[in-house]
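J.:
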Amino acid sequence: SAPPLRHDEL
Amino acid sequence: MNIFRLTGDLSHLAAIIILLLKIWKTRSCAGISGKSQILFALVFTTRYLDLLTSFISLYNTSMKFIYIGCAYATVYMIYAKFKATYDGNHDTFRVEFLVVPIGGLAFLVNHDFSPLEILWTFSIYLESVAILPQLFMISKTGEAETITTHYLFFLGLYRALYLMNWIWRFYFEGFFDMIAIVAGVVQTILYCDFFYLYVTKVLKGKKLSLPA
Numbered sequence: 001s002a003p004p005l006r007h008d009e010l
Numbered sequence: 011m012n013i014f015r016l017t018g019d020l021s022h023l024a025a026i027i028i029l030l031l032k033i034w035k036t037r038s039c040a041g042i043s044g045k046s047q048i049l050f051a052l053v054f055t056t057r058y059l060d061l062l063t064s065f066i067s068l069y070n071t072s073m074k075f076i077y078i079g080c081a082y083a084t085v086y087m088i089y090a091k092f093k094a095t096y097d098g099n100h101d102t103f104r105v106e107f108l109v110v111p112i113g114g115l116a117f118l119v120n121h122d123f124s125p126l127e128i129l130w131t132f133s134i135y136l137e138s139v140a141i142l143p144q145l146f147m148i149s150k151t152g153e154a155e156t157i158t159t160h161y162l163f164f165l166g167l168y169r170a171l172y173l174m175n176w177i178w179r180f181y182f183e184g185f186f187d188m189i190a191i192v193a194g195v196v197q198t199i200l201y202c203d204f205f206y207l208y209v210t211k212v213l214k215g216k217k218l219s220l221p222a
């Protein structure tokens, strides 16, 4: 799956 | 959030605090690569610009501010406050040979050709090699203070834990980010030599000195 463009990791 | 990512973030925070306290308490940045610390400040600055555009959680936002604040405080202490103790003669890694190619790579290989995304990609690539000036400096001086080895241990451990976090997220959430994973693998591999010395020497109470 394409990664979400909203990066939720530090 | 999962246990690997939480312990990874705490390990990263521990590393950052250990370094900050080491310099502050000893009032000396001997053996510390200012260049690596500048690269880390650049990594956080380019990665956390989304502080201005999106809110994920209080944890996410507060940790980003802590990381950025500590990074700049560390750079300030190295190049201003305790500049007299900065060992510039051994901190000679040519960082431009890292930043320029990585800047180009971020333009070529990314998830989305938007400014924020390219900066995020640049930050991910840069973080994977940002420790090289520090490792290079230790190889030049031939030794490292024990507190510095603990700093490096937690710093290396954090991304290794993130690799486990990505396995967890792929298995349970079907989430994976190839750019972060590849860069994270490279980053962790760069620490392997240090991890070996840390476990075989420092954990046995010896000083870390090279060549072994």
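In the order they appear, the protein sequences are chains A and B. Just so we're aligned, residue 1 is where the first sequence starts under this note's numbering, counting upward by one. Just so we're aligned, residue 11 is where the second sequence starts under this note's numbering, counting upward by one. Yeah, the Cβ is synthetic: ideal placement off N, Cα and C, and Gly gets one too.
What separation, rounded to the nearest whole angstrom, lies between the Cα atoms of B/L173 and B/G194?
T.: 7 Å
J.: With 7 Å as the C-beta to C-beta threshold (strictly closer), list the residues of the segment 118–140 of chain B near chain A in chain order.
T.: Under the 7 Å Cβ criterion, the segment 118–140 of chain B contributes H121, D122, E127 and W130.
J.: Runs of 4 residues minimum, wholly inside the segment 111–174 of chain B: which ones carry the alpha helix (DSSP H) assignment?
T.: 125–139 and 142–151
J.: Listing by chain order, which chain A residues have their CB less than 9 Å from the CB of B/N70?
T.: D8, E9 and L10
J.: Report buried or exposed for B/A190, applying the criterion of at least 16 other Cβ atoms within 10 angstroms of its Cβ.
T.: buried
J.: What is the rounded straight-line gap between the Cα of B/I27 and the Cα of B/C80?
T.: Going by C-alpha positions, B/I27 is about 8 Å away from B/C80.
J.: Return the CA-CA distance between B/V53 and B/N175, expressed in angstroms with no decimal places.
T.: 20 Å
J.: 8 Å is my cut-off, CB to CB: does B/K32 come that close to chain A?
T.: no
J.: Cα-Cα, which of B/I157, B/G114 and B/Y161 is closest to B/L23?
T.: When each option's Cα is compared against that of B/L23, the closest is B/Y161.
J.: So what does B/S219 bridge to, in DSSP terms?
T.: B/E153
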